[in-house]
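Structure first, then comments.
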Amino acid sequence: MHLLRRLQSTVSTASGILLLVGLVAFGSYAYFCWRNTWTMPGGADSSGYFNLARCLERGEIHAPARPIEGLPPRALPSFAYVPLGFQPDHNGATMTPTYPLGVPAAFLAGAKCFGWFYGPDLVLWLHTLAGVWFTYALARQAGAQTAGAMIAATALAVSPLYLNFALQAMSDVPALTWAAGALWLAGRRTKTSAALAGLAFGFAVLVRPSNALLLPALVVALGWSWRRLLAFGLGGLPMGVAFLGFNRAAYGSPFVTGYGDIGSLMRWAHVPITSAHYGRWLPVLLSPLVVLVLAWPWLMRSGRRAAIVHALAAAPLLVFYAFYYHTHETWWYLRFVLPVFPSLIVLATLGGERLVAKIPSLAARGVLAAACLAIVVANGVAWSAHFGVRSAGRNERIYPAAVALARNLPANAVLVAMQTSGALFYGTDRIVVRWDTLEGAWPRIRDAARAAGRPIYAVFFEFEVKEAFVDDKTPGDWEKLHQQQDFSIWRLRTEPAPAR
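Residue numbers (this note's numbering): -6 to 493.
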(Lines of atoms letter the chains of each structure in order from A and count residues from 1; the text may use other names and numbers.)
(Lines give C-alpha, C1' and ligand atoms only; values in the text may rest on other atoms or scores of the structure.)
Protein backbone atom coordinates (compact mmCIF):
# COMPACT_ATOMS: atom_id res chain seq x y z
CA MET A 1 0.00 0.00 0.00
CA HIS A 2 2.87 2.35 0.80
CA LEU A 3 4.33 1.79 -2.68
CA LEU A 4 0.92 2.41 -4.25
CA ARG A 5 0.50 5.69 -2.34
CA ARG A 6 3.93 6.81 -3.48
CA LEU A 7 3.08 5.95 -7.07
CA GLN A 8 -0.21 7.87 -6.84
CA SER A 9 1.62 10.83 -5.35
CA THR A 10 4.17 10.76 -8.14
CA VAL A 11 1.74 10.55 -11.04
CA SER A 12 -0.36 13.34 -9.54
CA THR A 13 2.28 15.79 -10.71
CA ALA A 14 2.70 16.84 -14.32
CA SER A 15 6.25 15.52 -14.49
CA GLY A 16 5.14 12.22 -12.99
CA ILE A 17 2.42 11.84 -15.60
CA LEU A 18 4.94 12.70 -18.29
CA LEU A 19 7.33 10.05 -17.01
CA LEU A 20 4.55 7.48 -16.80
CA VAL A 21 3.53 8.19 -20.39
CA GLY A 22 7.18 7.92 -21.38
CA LEU A 23 7.53 4.54 -19.69
CA VAL A 24 4.42 3.23 -21.45
CA ALA A 25 5.73 4.50 -24.78
CA PHE A 26 9.13 2.97 -24.10
CA GLY A 27 7.54 -0.37 -23.24
CA SER A 28 5.52 -0.29 -26.45
CA TYR A 29 8.64 0.53 -28.42
CA ALA A 30 10.50 -2.34 -26.76
CA TYR A 31 7.70 -4.72 -27.74
CA PHE A 32 7.70 -3.46 -31.33
CA CYS A 33 11.46 -3.90 -31.64
CA TRP A 34 11.43 -7.38 -30.14
CA ARG A 35 8.73 -8.52 -32.53
CA ASN A 36 10.65 -7.20 -35.54
CA THR A 37 14.28 -7.96 -34.64
CA TRP A 38 15.87 -10.76 -36.66
CA THR A 39 19.55 -11.46 -36.22
CA MET A 40 20.91 -14.15 -38.49
CA PRO A 41 23.83 -14.74 -40.85
CA GLY A 42 22.98 -13.00 -44.11
CA GLY A 43 25.11 -10.72 -46.24
CA ALA A 44 28.74 -9.77 -45.73
CA ASP A 45 28.37 -7.97 -42.39
CA SER A 46 25.94 -10.23 -40.56
CA SER A 47 27.50 -13.48 -41.78
CA GLY A 48 30.91 -12.06 -40.90
CA TYR A 49 29.82 -11.46 -37.30
CA PHE A 50 28.34 -14.94 -36.96
CA ASN A 51 31.29 -16.68 -38.60
CA LEU A 52 33.73 -14.88 -36.29
CA ALA A 53 31.53 -15.72 -33.30
CA ARG A 54 31.70 -19.38 -34.30
CA CYS A 55 35.49 -19.17 -34.60
CA LEU A 56 35.68 -17.62 -31.13
CA GLU A 57 33.44 -20.36 -29.77
CA ARG A 58 36.00 -22.89 -31.01
CA GLY A 59 38.83 -20.86 -29.50
CA GLU A 60 40.08 -19.85 -32.94
CA ILE A 61 40.38 -16.73 -35.05
CA HIS A 62 41.10 -18.28 -38.46
CA ALA A 63 38.74 -20.60 -40.35
CA PRO A 64 40.04 -23.41 -42.58
CA ALA A 65 39.42 -23.05 -46.30
CA ARG A 66 37.29 -25.71 -48.01
CA PRO A 67 39.00 -26.53 -51.32
CA ILE A 68 38.06 -28.99 -54.03
CA GLU A 69 40.35 -32.03 -54.11
CA GLY A 70 43.29 -31.42 -56.40
CA LEU A 71 42.69 -27.67 -56.59
CA PRO A 72 44.23 -25.97 -53.52
CA PRO A 73 43.55 -22.29 -52.74
CA ARG A 74 46.99 -21.22 -53.95
CA ALA A 75 46.18 -22.55 -57.42
CA LEU A 76 43.28 -20.11 -57.79
CA PRO A 77 42.65 -16.38 -57.37
CA SER A 78 43.03 -15.59 -53.68
CA PHE A 79 39.31 -15.08 -52.95
CA ALA A 80 37.95 -18.06 -54.92
CA TYR A 81 37.20 -20.11 -51.77
CA VAL A 82 36.71 -17.08 -49.49
CA PRO A 83 33.08 -16.19 -48.60
CA LEU A 84 31.91 -12.66 -47.95
CA GLY A 85 33.04 -11.45 -44.54
CA PHE A 86 36.45 -13.16 -44.76
CA GLN A 87 39.85 -12.37 -46.18
CA PRO A 88 42.42 -14.99 -47.25
CA ASP A 89 45.46 -15.66 -45.09
CA HIS A 90 48.94 -15.71 -46.57
CA ASN A 91 49.27 -19.46 -46.07
CA GLY A 92 46.31 -20.09 -48.39
CA ALA A 93 44.96 -22.80 -46.09
CA THR A 94 42.98 -20.54 -43.75
CA MET A 95 41.05 -17.27 -43.83
CA THR A 96 40.19 -14.60 -41.28
CA PRO A 97 36.93 -12.71 -40.68
CA THR A 98 37.29 -9.07 -41.66
CA TYR A 99 35.08 -7.57 -38.98
CA PRO A 100 36.02 -6.24 -35.52
CA LEU A 101 35.74 -8.31 -32.38
CA GLY A 102 32.99 -6.45 -30.49
CA VAL A 103 29.69 -7.58 -32.00
CA PRO A 104 30.75 -11.22 -32.56
CA ALA A 105 31.89 -11.42 -28.93
CA ALA A 106 28.57 -9.95 -27.77
CA PHE A 107 26.60 -12.39 -29.94
CA LEU A 108 28.64 -15.28 -28.58
CA ALA A 109 27.99 -14.15 -25.00
CA GLY A 110 24.26 -13.95 -25.71
CA ALA A 111 24.30 -17.38 -27.36
CA LYS A 112 26.10 -18.94 -24.39
CA CYS A 113 23.42 -17.59 -22.06
CA PHE A 114 20.27 -17.99 -24.16
CA GLY A 115 21.20 -20.15 -27.15
CA TRP A 116 21.91 -19.20 -30.74
CA PHE A 117 18.23 -18.80 -31.62
CA TYR A 118 17.40 -16.12 -29.03
CA GLY A 119 20.77 -14.93 -27.74
CA PRO A 120 21.89 -12.65 -30.60
CA ASP A 121 18.35 -11.25 -30.92
CA LEU A 122 18.36 -10.37 -27.24
CA VAL A 123 21.80 -8.77 -27.49
CA LEU A 124 20.78 -6.51 -30.36
CA TRP A 125 17.42 -5.68 -28.76
CA LEU A 126 19.06 -4.63 -25.49
CA HIS A 127 21.49 -2.43 -27.40
CA THR A 128 18.56 -0.79 -29.19
CA LEU A 129 16.77 0.04 -25.95
CA ALA A 130 19.96 1.15 -24.22
CA GLY A 131 20.77 3.52 -27.09
CA VAL A 132 17.42 5.27 -26.65
CA TRP A 133 17.82 5.42 -22.87
CA PHE A 134 21.35 6.83 -23.09
CA THR A 135 20.11 9.56 -25.43
CA TYR A 136 17.53 10.55 -22.82
CA ALA A 137 20.14 10.38 -20.05
CA LEU A 138 22.65 12.45 -22.03
CA ALA A 139 20.05 15.14 -22.68
CA ARG A 140 19.16 15.30 -18.99
CA GLN A 141 22.82 15.34 -18.02
CA ALA A 142 23.38 18.25 -20.40
CA GLY A 143 20.64 20.24 -18.66
CA ALA A 144 17.57 19.52 -20.79
CA GLN A 145 14.16 19.40 -19.14
CA THR A 146 12.33 16.10 -18.80
CA ALA A 147 10.05 16.84 -21.76
CA GLY A 148 12.97 17.90 -23.93
CA ALA A 149 14.95 14.79 -23.03
CA MET A 150 11.97 12.60 -23.87
CA ILE A 151 11.64 14.27 -27.26
CA ALA A 152 15.37 13.70 -27.76
CA ALA A 153 15.04 9.99 -27.00
CA THR A 154 12.03 9.77 -29.29
CA ALA A 155 13.98 11.41 -32.13
CA LEU A 156 16.50 8.59 -32.00
CA ALA A 157 13.95 5.83 -31.41
CA VAL A 158 11.87 6.68 -34.49
CA SER A 159 14.78 7.59 -36.75
CA PRO A 160 14.48 5.42 -39.88
CA LEU A 161 18.25 4.95 -39.90
CA TYR A 162 18.35 3.82 -36.27
CA LEU A 163 15.40 1.47 -36.69
CA ASN A 164 16.73 0.06 -39.95
CA PHE A 165 19.89 -1.17 -38.23
CA ALA A 166 18.25 -1.96 -34.91
CA LEU A 167 16.21 -4.76 -36.46
CA GLN A 168 18.99 -6.69 -38.23
CA ALA A 169 22.41 -8.06 -37.35
CA MET A 170 24.58 -5.01 -37.94
CA SER A 171 27.13 -3.25 -35.74
CA ASP A 172 25.83 0.30 -36.13
CA VAL A 173 23.41 0.38 -33.20
CA PRO A 174 25.88 -1.30 -30.78
CA ALA A 175 28.51 1.21 -31.95
CA LEU A 176 26.14 4.05 -31.03
CA THR A 177 25.09 2.53 -27.74
CA TRP A 178 28.57 1.95 -26.36
CA ALA A 179 29.70 5.39 -27.51
CA ALA A 180 26.70 7.07 -25.87
CA GLY A 181 27.18 5.02 -22.72
CA ALA A 182 30.81 6.07 -22.51
CA LEU A 183 29.84 9.75 -22.87
CA TRP A 184 27.19 9.49 -20.18
CA LEU A 185 29.46 7.68 -17.74
CA ALA A 186 32.28 10.16 -18.33
CA GLY A 187 29.88 13.02 -17.64
CA ARG A 188 29.06 11.67 -14.18
CA ARG A 189 32.58 12.62 -13.08
CA THR A 190 33.30 10.06 -10.39
CA LYS A 191 36.25 7.69 -10.31
CA THR A 192 33.99 4.66 -10.59
CA SER A 193 32.04 6.08 -13.52
CA ALA A 194 35.31 7.14 -15.15
CA ALA A 195 36.58 3.56 -15.00
CA LEU A 196 33.30 2.31 -16.45
CA ALA A 197 33.50 4.99 -19.14
CA GLY A 198 36.93 3.65 -20.08
CA LEU A 199 35.52 0.14 -20.29
CA ALA A 200 32.58 1.31 -22.42
CA PHE A 201 34.85 3.36 -24.67
CA GLY A 202 37.16 0.38 -25.13
CA PHE A 203 34.26 -1.84 -26.14
CA ALA A 204 32.94 0.89 -28.45
CA VAL A 205 36.28 0.73 -30.27
CA LEU A 206 36.09 -3.08 -30.33
CA VAL A 207 32.73 -2.71 -32.06
CA ARG A 208 33.93 -0.01 -34.46
CA PRO A 209 37.52 1.25 -34.45
CA SER A 210 36.54 4.73 -35.68
CA ASN A 211 34.84 5.27 -32.31
CA ALA A 212 38.36 6.08 -31.08
CA LEU A 213 37.63 9.58 -32.41
CA LEU A 214 35.35 10.08 -29.38
CA LEU A 215 38.38 10.30 -27.10
CA PRO A 216 38.69 14.14 -27.06
CA ALA A 217 35.02 14.47 -26.08
CA LEU A 218 35.47 11.93 -23.30
CA VAL A 219 38.53 13.70 -21.92
CA VAL A 220 36.60 16.98 -21.72
CA ALA A 221 33.59 15.22 -20.19
CA LEU A 222 35.78 13.68 -17.50
CA GLY A 223 37.23 17.05 -16.54
CA TRP A 224 40.86 17.78 -15.80
CA SER A 225 41.23 15.36 -12.90
CA TRP A 226 44.22 13.05 -13.11
CA ARG A 227 42.47 10.54 -10.86
CA ARG A 228 39.48 10.29 -13.16
CA LEU A 229 41.68 10.19 -16.23
CA LEU A 230 43.76 7.42 -14.66
CA ALA A 231 40.62 5.48 -13.76
CA PHE A 232 39.39 5.94 -17.34
CA GLY A 233 42.65 4.60 -18.72
CA LEU A 234 42.70 1.62 -16.39
CA GLY A 235 39.06 0.85 -17.19
CA GLY A 236 39.77 0.82 -20.90
CA LEU A 237 43.02 -1.13 -20.60
CA PRO A 238 41.50 -4.64 -20.89
CA MET A 239 39.60 -3.64 -24.02
CA GLY A 240 42.74 -2.06 -25.47
CA VAL A 241 44.71 -5.24 -24.86
CA ALA A 242 41.92 -7.27 -26.46
CA PHE A 243 41.83 -4.94 -29.48
CA LEU A 244 45.57 -5.00 -30.09
CA GLY A 245 45.91 -8.70 -29.32
CA PHE A 246 43.10 -9.67 -31.67
CA ASN A 247 44.55 -7.56 -34.49
CA ARG A 248 47.98 -9.10 -33.92
CA ALA A 249 46.62 -12.64 -34.00
CA ALA A 250 44.23 -12.06 -36.90
CA TYR A 251 46.06 -9.67 -39.19
CA GLY A 252 49.69 -9.84 -38.12
CA SER A 253 49.97 -6.39 -36.53
CA PRO A 254 48.34 -4.77 -33.47
CA PHE A 255 47.61 -1.69 -35.54
CA VAL A 256 46.03 -3.35 -38.58
CA THR A 257 42.31 -4.12 -38.69
CA GLY A 258 40.33 -6.29 -41.06
CA TYR A 259 39.32 -3.19 -42.99
CA GLY A 260 42.89 -2.95 -44.29
CA ASP A 261 44.21 0.23 -45.83
CA ILE A 262 41.26 2.52 -46.59
CA GLY A 263 43.51 5.38 -47.64
CA SER A 264 42.55 4.98 -51.29
CA LEU A 265 38.91 5.60 -50.33
CA MET A 266 39.65 8.85 -48.47
CA ARG A 267 39.70 11.89 -50.75
CA TRP A 268 39.27 15.65 -50.40
CA ALA A 269 36.99 15.50 -53.44
CA HIS A 270 34.44 13.54 -51.42
CA VAL A 271 34.05 16.25 -48.75
CA PRO A 272 31.69 18.65 -50.58
CA ILE A 273 29.59 15.76 -51.91
CA THR A 274 29.29 14.17 -48.47
CA SER A 275 28.60 17.53 -46.82
CA ALA A 276 25.68 18.04 -49.19
CA HIS A 277 24.57 14.49 -48.40
CA TYR A 278 24.61 15.33 -44.68
CA GLY A 279 22.52 18.43 -45.34
CA ARG A 280 20.05 16.46 -47.43
CA TRP A 281 19.55 13.45 -45.20
CA LEU A 282 20.16 14.40 -41.58
CA PRO A 283 16.90 16.42 -41.45
CA VAL A 284 15.14 13.35 -42.84
CA LEU A 285 16.76 10.86 -40.47
CA LEU A 286 16.55 13.06 -37.36
CA SER A 287 13.59 15.28 -38.33
CA PRO A 288 13.91 18.89 -39.54
CA LEU A 289 14.40 19.95 -35.91
CA VAL A 290 18.02 18.82 -36.18
CA VAL A 291 18.76 22.24 -37.71
CA LEU A 292 18.62 23.54 -34.14
CA VAL A 293 22.21 22.33 -33.76
CA LEU A 294 23.06 25.58 -35.53
CA ALA A 295 22.34 27.27 -32.19
CA TRP A 296 25.64 25.81 -30.93
CA PRO A 297 27.43 29.20 -30.69
CA TRP A 298 24.55 30.44 -28.54
CA LEU A 299 24.86 27.38 -26.32
CA MET A 300 28.47 28.34 -25.63
CA ARG A 301 27.19 31.26 -23.55
CA SER A 302 25.53 28.90 -21.07
CA GLY A 303 25.90 25.17 -20.67
CA ARG A 304 29.33 25.55 -22.18
CA ARG A 305 30.73 22.17 -21.12
CA ALA A 306 27.85 20.14 -22.59
CA ALA A 307 28.07 22.12 -25.83
CA ILE A 308 31.80 21.44 -26.11
CA VAL A 309 31.52 17.75 -25.20
CA HIS A 310 28.82 16.97 -27.73
CA ALA A 311 30.39 19.09 -30.45
CA LEU A 312 33.64 17.18 -29.92
CA ALA A 313 31.72 13.91 -29.99
CA ALA A 314 30.01 14.72 -33.30
CA ALA A 315 32.51 16.74 -35.32
CA PRO A 316 35.47 14.32 -35.62
CA LEU A 317 33.37 11.42 -36.90
CA LEU A 318 31.40 13.64 -39.28
CA VAL A 319 34.61 15.10 -40.67
CA PHE A 320 36.36 11.73 -40.92
CA TYR A 321 33.53 10.11 -42.85
CA ALA A 322 33.14 13.18 -45.05
CA PHE A 323 36.37 12.04 -46.73
CA TYR A 324 35.18 8.44 -47.12
CA TYR A 325 34.08 7.35 -50.57
CA HIS A 326 30.99 5.37 -49.58
CA THR A 327 29.35 7.77 -47.10
CA HIS A 328 27.51 9.78 -49.74
CA GLU A 329 26.35 6.86 -51.90
CA THR A 330 22.94 6.35 -50.28
CA TRP A 331 20.91 7.42 -47.24
CA TRP A 332 21.60 4.29 -45.24
CA TYR A 333 25.37 4.69 -45.56
CA LEU A 334 25.00 7.44 -42.98
CA ARG A 335 25.03 4.47 -40.62
CA PHE A 336 28.78 5.12 -40.45
CA VAL A 337 28.05 8.31 -38.49
CA LEU A 338 25.20 6.84 -36.44
CA PRO A 339 27.28 7.06 -33.20
CA VAL A 340 27.10 10.88 -33.43
CA PHE A 341 23.29 10.92 -33.53
CA PRO A 342 22.80 11.20 -29.73
CA SER A 343 25.14 14.20 -29.60
CA LEU A 344 23.45 15.92 -32.54
CA ILE A 345 20.09 15.31 -30.89
CA VAL A 346 21.30 16.67 -27.54
CA LEU A 347 22.69 19.82 -29.15
CA ALA A 348 19.44 20.35 -31.08
CA THR A 349 17.43 19.78 -27.89
CA LEU A 350 19.45 22.31 -25.93
CA GLY A 351 19.14 24.81 -28.77
CA GLY A 352 15.39 24.31 -28.90
CA GLU A 353 15.03 24.76 -25.16
CA ARG A 354 16.96 28.02 -25.29
CA LEU A 355 14.49 29.31 -27.86
CA VAL A 356 11.44 28.05 -25.97
CA ALA A 357 12.70 29.67 -22.76
CA LYS A 358 12.09 33.05 -24.40
CA ILE A 359 8.35 32.37 -24.44
CA PRO A 360 6.75 33.66 -21.21
CA SER A 361 3.57 31.58 -21.36
CA LEU A 362 3.87 28.12 -19.79
CA ALA A 363 0.89 26.90 -21.82
CA ALA A 364 2.46 28.11 -25.05
CA ARG A 365 5.66 26.28 -24.15
CA GLY A 366 3.69 23.10 -23.62
CA VAL A 367 1.94 23.46 -26.97
CA LEU A 368 5.27 24.06 -28.70
CA ALA A 369 6.82 21.01 -27.01
CA ALA A 370 3.86 18.89 -28.13
CA ALA A 371 4.27 20.23 -31.66
CA CYS A 372 7.96 19.32 -31.65
CA LEU A 373 7.14 15.81 -30.47
CA ALA A 374 4.51 15.49 -33.20
CA ILE A 375 7.00 16.62 -35.86
CA VAL A 376 9.60 14.13 -34.65
CA VAL A 377 7.16 11.21 -34.54
CA ALA A 378 5.41 12.04 -37.82
CA ASN A 379 8.71 12.46 -39.63
CA GLY A 380 10.13 9.20 -38.29
CA VAL A 381 7.00 7.16 -38.93
CA ALA A 382 6.50 8.54 -42.45
CA TRP A 383 10.07 7.99 -43.60
CA SER A 384 10.32 4.60 -41.91
CA ALA A 385 7.22 3.53 -43.80
CA HIS A 386 8.64 4.98 -47.02
CA PHE A 387 11.84 2.95 -46.67
CA GLY A 388 10.07 -0.19 -45.44
CA VAL A 389 12.20 -0.16 -42.30
CA ARG A 390 9.90 -2.42 -40.33
CA SER A 391 10.78 -5.29 -42.66
CA ALA A 392 14.55 -4.72 -42.47
CA GLY A 393 15.08 -7.67 -40.16
CA ARG A 394 12.40 -9.89 -41.65
CA ASN A 395 13.86 -9.46 -45.12
CA GLU A 396 17.02 -11.17 -43.89
CA ARG A 397 15.07 -14.43 -43.53
CA ILE A 398 15.73 -15.06 -47.19
CA TYR A 399 19.27 -16.13 -46.24
CA PRO A 400 18.34 -18.94 -43.83
CA ALA A 401 15.76 -20.05 -46.40
CA ALA A 402 18.55 -20.37 -48.98
CA VAL A 403 20.76 -22.18 -46.47
CA ALA A 404 17.96 -24.61 -45.58
CA LEU A 405 17.51 -25.55 -49.23
CA ALA A 406 21.27 -25.85 -49.73
CA ARG A 407 21.44 -28.34 -46.87
CA ASN A 408 19.18 -30.65 -48.88
CA LEU A 409 21.60 -30.71 -51.79
CA PRO A 410 24.10 -33.59 -52.06
CA ALA A 411 26.59 -33.63 -49.19
CA ASN A 412 29.53 -33.45 -51.60
CA ALA A 413 28.14 -30.54 -53.62
CA VAL A 414 30.16 -27.49 -54.58
CA LEU A 415 28.09 -24.32 -54.07
CA VAL A 416 28.72 -21.38 -56.38
CA ALA A 417 27.59 -18.17 -54.72
CA MET A 418 28.44 -14.60 -53.82
CA GLN A 419 25.73 -12.76 -51.89
CA THR A 420 24.82 -15.86 -49.89
CA SER A 421 28.39 -17.17 -49.59
CA GLY A 422 28.95 -16.10 -45.97
CA ALA A 423 25.60 -17.52 -44.84
CA LEU A 424 26.25 -20.78 -46.73
CA PHE A 425 29.68 -21.13 -45.15
CA TYR A 426 28.15 -20.62 -41.70
CA GLY A 427 25.09 -22.80 -42.19
CA THR A 428 26.52 -25.73 -44.18
CA ASP A 429 29.77 -27.68 -44.46
CA ARG A 430 29.74 -27.51 -48.27
CA ILE A 431 32.55 -26.15 -50.43
CA VAL A 432 31.67 -22.56 -51.37
CA VAL A 433 33.12 -20.93 -54.50
CA ARG A 434 32.84 -17.18 -55.08
CA TRP A 435 31.89 -16.73 -58.74
CA ASP A 436 32.67 -13.00 -58.66
CA THR A 437 36.37 -13.54 -57.88
CA LEU A 438 37.34 -16.28 -60.35
CA GLU A 439 39.15 -14.17 -62.96
CA GLY A 440 38.89 -16.83 -65.64
CA ALA A 441 39.46 -19.79 -63.30
CA TRP A 442 35.97 -21.25 -63.79
CA PRO A 443 37.01 -24.02 -66.23
CA ARG A 444 39.57 -25.34 -63.73
CA ILE A 445 37.02 -25.33 -60.91
CA ARG A 446 34.39 -27.05 -63.05
CA ASP A 447 36.83 -29.70 -64.23
CA ALA A 448 38.29 -30.31 -60.75
CA ALA A 449 34.82 -30.74 -59.25
CA ARG A 450 33.84 -33.15 -62.01
CA ALA A 451 37.05 -35.15 -61.56
CA ALA A 452 36.38 -35.37 -57.81
CA GLY A 453 32.82 -36.55 -58.42
CA ARG A 454 31.34 -33.40 -56.93
CA PRO A 455 28.15 -31.94 -58.45
CA ILE A 456 28.03 -28.17 -58.83
CA TYR A 457 25.09 -26.05 -57.73
CA ALA A 458 24.58 -22.30 -57.67
CA VAL A 459 22.67 -20.22 -55.11
CA PHE A 460 22.00 -16.83 -56.69
CA PHE A 461 20.04 -13.69 -56.00
CA GLU A 462 18.31 -12.31 -59.07
CA PHE A 463 20.94 -9.63 -59.66
CA GLU A 464 23.64 -12.33 -59.72
CA VAL A 465 22.03 -14.44 -62.43
CA LYS A 466 22.78 -11.98 -65.22
CA GLU A 467 26.34 -11.34 -64.12
CA ALA A 468 27.18 -14.99 -63.47
CA PHE A 469 25.39 -16.61 -66.41
CA VAL A 470 24.71 -14.00 -69.06
CA ASP A 471 28.13 -12.40 -68.72
CA ASP A 472 29.76 -15.84 -68.86
CA LYS A 473 31.48 -15.76 -65.48
CA THR A 474 30.38 -19.39 -64.94
CA PRO A 475 29.39 -20.72 -68.39
CA GLY A 476 27.76 -24.12 -68.72
CA ASP A 477 24.48 -25.96 -69.10
CA TRP A 478 22.65 -24.72 -65.99
CA GLU A 479 19.23 -25.96 -64.94
CA LYS A 480 17.04 -23.96 -62.55
CA LEU A 481 15.82 -26.23 -59.75
CA HIS A 482 14.05 -23.81 -57.43
CA GLN A 483 12.93 -20.19 -57.25
CA GLN A 484 11.95 -18.61 -53.93
CA GLN A 485 11.49 -14.89 -53.43
CA ASP A 486 14.60 -13.21 -54.82
CA PHE A 487 16.93 -16.21 -54.94
CA SER A 488 17.15 -19.32 -57.05
CA ILE A 489 19.04 -22.62 -56.99
CA TRP A 490 20.64 -24.01 -60.13
CA ARG A 491 22.41 -27.25 -61.05
CA LEU A 492 25.19 -27.60 -63.60
CA ARG A 493 24.19 -30.54 -65.77
CA THR A 494 26.70 -33.36 -65.88
CA GLU A 495 29.11 -33.34 -68.79
CA PRO A 496 31.79 -35.84 -69.77
CA ALA A 497 34.79 -35.76 -67.49
CA PRO A 498 37.84 -34.01 -68.93
CA ALA A 499 40.44 -36.17 -70.65
CA ARG A 500 43.47 -36.92 -68.53
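Cβ atoms here follow ideal geometry from the backbone N, Cα and C, with glycine treated the same way.
- Apart from sequence neighbours up to five positions away, the residues of its chain that approach residue 473 with a beta-carbon distance below 7 Å are 481 and 483, ordered along the chain.
- Check the Cα spacing between residue 60 and each of 486, 418, 458 and 469: the tightest is with 418.
- For residue 186, the enclosing alpha helix (DSSP H) has its first and last residue at 184 to 200.
- For residue 483, the enclosing beta strand (DSSP E) stretches over residues 480 to 485.
- Short of 7 Å from the beta carbon of residue 220, and not among the five residues preceding or following it, lie these beta carbons of its own chain, in chain order: 184.
- Distance between residue 389 and residue 161, taken at the CA atoms: about 7 Å.
- Here the segment 437 to 455 makes contact with the segment 403 to 416; the two share three or more CB pairs at distances below 8 Å.
- Annotation for residue 87: the continuous beta strand (DSSP E) segment containing it runs 87 to 90.
- A residue is called buried once 16 or more other Cβ atoms fall within 10 Å of its Cβ, and residue 477, having fewer, is exposed.
- Assigned with DSSP and collapsed to three states, residue 432 falls in coil, not helix or strand.
- Exposure of residue 379 is indicated by the presence of fewer than 16 other C-beta atoms within 10 angstroms of its C-beta.
- Look at residue 427 here: in three-state DSSP terms it is strand.
- The secondary-structure analysis by DSSP pairs residue 454 across a beta bridge with 480.
- A direct Cα-to-Cα measurement between residue 280 and residue 458 gives close to 39 Å.
- For residue 309, the enclosing alpha helix (DSSP H) covers residues 297 to 315.
- A straight-line Cα-Cα distance of about 32 Å links residue 335 and residue 108.
- Assigned with DSSP and collapsed to three states, residue 123 falls in helix.
- Between the segment 275 to 289 and the segment 336 to 353, the count of C-beta pairs closer than 8 Å reaches three or more; the two stretches touch.
- No Cβ-Cβ contact shorter than 9 Å links residue 92 with residue 81.
- When the five nearest sequence neighbours on each side are left out, the beta carbons in the same chain lying within less than 6 Å of the beta carbon of residue 123 are those of 170, in order along the chain.
- The secondary-structure analysis by DSSP pairs residue 56 across a beta bridge with 88.
- Rounded to whole angstroms, residue 10 and residue 374 show a C-alpha spacing of 24 Å.
- Its Cα nearest to that of residue 56, the residue 48 stands out among 63, 48 and 62.
- Residue 243 places its beta carbon less than 9 Å from that of residue 251.
- Looking at the DSSP output, residue 161 shares a beta bridge with 31.
- The DSSP-derived three-state label of residue 475 is strand.
- If you ignore the 5 residues before and after residue 87, its C-beta comes within less than 6 Å of the C-beta of 55 and 57, all in its own chain and listed in chain order.
- Residue pairing by DSSP places residue 259 opposite 317 in a beta bridge.
- For a cut-off of 8 Å, the C-beta gap from residue 416 to residue 392 is around 4 Å, short enough to register as a contact.
- With contacts defined by Cβ atoms closer than 9 Å, residue 204 and residue 325 do not form a contacting pair.
- According to DSSP, residue 410 shares a beta bridge with 427.
- When beta bridges are read from the DSSP output, residue 81 appears opposite 88.
- Excluding five sequence positions before and after residue 258, the CB atoms of its chain that fall closer than 8 Å to its own CB belong to 317, 318 and 319, given in chain order.
- In the structure shown, the three-state DSSP call for residue 64 is strand.
- Shown here for residue 177: same chain residues with a beta carbon closer than 7 Å to its own, the five before and five after excluded, namely 127, 130, 131 and 134 in chain order.
- Inter-residue distance for residue 101 and residue 212 is about 31 Å (C-alpha atoms, whole angstroms).
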